[in-house]
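What follows is one structure encoded as structure tokens, with my remarks underneath.
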Amino acid sequence: MATYSTNEFRSGLKVMLDADPYSIIENEFVKPGKGQAFNRVKMRNLKNGRVVDKTFKSGESIEAADVMETEMQYLYNDGEFWHFMDPDSFEQHAATATAVEDSKLWLKEQDNCTVTLWNDNPLSVSPPNFVELKITQTDPGLRGDTASGGSKPATLETGAVVKVPLFIEEGEVLKVDTRTGEYVSRVKD
Amino acid sequence: MNTWQPDAELKILRQRAQTNKAIRSWFEERGLLEIETPVLGDAGITDPQIQSFKLGSWYLQTSPEYFMKRLLAEGSGDIYQLGKVFRAAESGWRHHHEFTLLEWYRLGFDELSLAQEVVELIQYLAIDQTVKPVISTYAGLFAALDLDLFSASNSDYQDLLAQAEIEVIGDLSDKAWRELVFAELVQKKFPDDQITVVHDYPAEDASLAQLNRDDPRVAARFEVFWGSLELANGFHELTDVNEQRSRFIEDNKQRRAAGLPEIELDENFLTALAAGLPDCAGVALGVDRLLMKLFELDDIREVISFRS
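Same order as they appear, the protein sequences are chains A and B.
If you're matching positions, the first sequence starts at 319 in this note's numbering and goes up one per residue.
If you're matching positions, the second sequence starts at 203 in this note's numbering and goes up one per residue.
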């Protein structure tokens, strides 16, 4: 297994610490009193998303984490796992509920997502920045009211709930920004 | 990303030129002689915490100190130098392996009178900023953390760091634990608009400083910080050649233990000390860092034309 020394630390580097994979966010070199040098490192645990601060004695080495990000197509959810396919190799990967925790409300079959694999298992899934989803339930619209600033909740086919303008009707398809969870526009057929 | 353009803005480089001019006229007014010493020297440095770049049988100098002391031993009187130095394996937002050092020596000064002069220079250059100077001993700063510098143990340091939720990876020496406490719990807390002079460093940090005559547990060494950024390091210079030689030999012992190459002693420098270095104090100030503070920039690369 490859290792990285502190002088190779840079943001985005994936490393192992206490048996968990981490991504380095920030690395600061400090050398108090011309003595022992240290690296103050901010790193994100890729399993739970938590950000931690660690102080490394400069020159220490840690193991590289076998983490890679791959574009994959979302196939379906079987009730327990969310299944993705690598469009090049047709290889399928099953993601746990933890891995899709933050993205499952935006996963639409056939959409391409970014899947982070650790030792070939999905660690997390990022949905596309914009998804198009159909409204399954919302209160009846006020036809023609495209001017007033009011909004109402609408439930989408994935279960996500977004705020929409009053004129939007059940059955319509919306474009939603998955980073903010906000309605962007209607999608005309 | 590959780009031909400079790292620093031209505006900053113009200000940098102005600052160099101001530094030179400040020293000229005070009667110091500007000198230049080799960047590429025959001898390296034994300090186990400083690594040199080696070129053939030469070393890129990590500091002009030994050359400048040879000039002092020859009778140059007060001298200063503004030049490039090189330190391998040091890079980050406040380190660059090639940087500009302002180093000067004052005959008859001790470490505190020289520290005072450093503060005056900073205040002279920082015309638009208010900076108030505060002076403390190293032990005094530790006492503020309820630590007795001379009796604290590793576990005292480790407890305090653990309380501050600072987790350390790697085996540290006793000295490194103490240095980490200084970095994390002392230096990091210095207020932004304050210039802090820290003096009376522990004797094991003496480097090229004399020990304090009244209390040999501490060295006649000081550092100057602007906010939490260390700008300068100075000594009431050690003039005793035997003591200097034994410190160099001890350095090489530590190098051996750490698996680092041993460095041949600079015999020209030691012979100059034997010939007689006048009583003096000297200081080295990191010019790039000073510029970061003067121009209120967060990254050393913003004051360097091109980084390598």
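Don't be surprised by glycine CBs; every beta carbon is placed ideally from N, CA and C.
- Here DSSP, grouped into helix, strand and coil, assigns B:VAL443 to helix.
- If you check each beta-carbon in the region 321-349 of chain A against every beta-carbon of chain B, the ones closer than 9 Å belong to THR324, ASN325, LEU335, ASN345, GLU346, PHE347, VAL348 and LYS349.
- Secondary structure of A:LYS470 (DSSP, three-state): strand.
- Among the residues facing chain A, B:LEU492 is not included, as its CB has no counterpart in that chain under 8 Å away.
- Residues are counted here when their Cβ sits less than 9 Å from a Cβ of chain A; for the region 286-316 of chain B these are ALA291, GLU292, SER293, GLY294, TRP295, ARG296 and HIS297, given in chain order.
- Using a Cβ distance threshold of 8 Å, B:GLU292 and A:PHE347 count as a contacting pair.
- Residue contact check for A:THR373 against chain B: a CB pair falls below 8 Å.
- Taking 8 Å as the cut-off, the Cβ atoms of A:GLU475 and A:LEU451 count as close.
- Counting C-beta atoms within 10 angstroms of its own C-beta, B:LEU440 has 16 or more neighbours from the protein chains shown and is therefore classed as buried.
- Taking A:PRO440 as the centre and dropping the five residues before and after it, the same chain places the C-beta of HIS411, ALA413, ALA417 and VAL433 closer than 6 Å to its C-beta, in chain order.
- Around the C-beta of B:THR264, 16 or more other C-beta atoms lie within 10 Å, and the residue is accordingly described as buried.
- Between A:LEU425 and A:TYR392 a beta carbon distance of about 5 Å is seen, short of the 8 Å cut, so the two are scored as contacting.
- A straight-line Cα-Cα distance of about 28 Å links B:ALA290 and B:GLN217.
- Taking a contact to require three or more Cβ pairs closer than 8 Å, the region 322-335 of chain A and the region 383-390 of chain A qualify as touching.
- Using a CB distance cut-off of 8 Å, A:LYS422 does not count as an interface residue toward chain B.
- B:LEU363 and B:ARG296 have their C-alpha atoms some 23 Å from each other.
- Across the set B:LEU492, B:ILE506 and B:ARG509, the C-alpha of B:LEU492 shows the shortest separation from the C-alpha of B:ALA328.
- For B:ALA483, the enclosing beta strand (DSSP E) starts and ends at 482-488.
- In terms of Cβ geometry, B:ALA483 and B:ARG308 form a close pair [threshold 8 Å].
- Judged by DSSP secondary structure, B:TRP260 falls outside any alpha helix (DSSP H) and instead within the beta strand (DSSP E) spanning 260-262.
- Put simply, of B:LYS455, B:ASP395, B:GLN456 and B:ASN435 the residue whose alpha carbon is nearest the alpha carbon of B:TRP428 is B:ASP395.
- With contacts defined by Cβ atoms closer than 8 Å, A:THR321 and A:ASN357 do not form a contacting pair.
- Residue burial annotation: A:LYS349 is buried, with at least 16 other C-beta atoms found within 10 angstroms of its C-beta.
- Interface criterion not met: the Cβ of B:LYS223 is under 8 Å from no Cβ in chain A.
- Beta-bridge analysis with DSSP links B:PRO404 to B:VAL420.
- Contacts with chain B at 8 Å (Cβ-Cβ) include A:LYS352.
- Taking C-beta atoms as the reference points, B:GLY279 and B:LEU235 count as a pair closer than 8 Å.
- Of all residues in the region 402-426 of chain B, only TYR403, ASP407, SER409 and GLU425 come within less than 8 Å of chain A when Cβ atoms are compared, listed by chain position.
- Cα atoms of B:GLU469 and B:SER259: separation of roughly 16 Å, rounded to the nearest angstrom.
- Excluding the 5 residues flanking it on each side, B:PRO250 has same chain C-beta neighbours closer than 7 Å at ASP453, GLN456, ARG457, ALA460 and LEU462, in chain order.
- For B:SER227, the uninterrupted alpha helix (DSSP H) run begins and ends at 212-231, by DSSP.
- If you keep only unbroken alpha helix (DSSP H) runs of at least 4 residues inside the region 237-276 of chain B, you get 267-276.
- In the DSSP secondary-structure assignment, A:GLN455 is bridged to A:THR473.
- Taking the Cα of B:ALA408 as reference, the smallest distance to any Cα among B:PRO240, B:ILE397, B:ALA422 and B:ALA434 is reached at B:ALA422.
- Contact check for B:THR302 and B:ASP490: beta-carbon distance about 6 Å, within the 8 Å limit, so the pair qualifies.
- Against A:PHE399, chain B offers no close residue; the least beta-carbon distance is about 35 Å (beta-carbon pairs closer than 9 Å).
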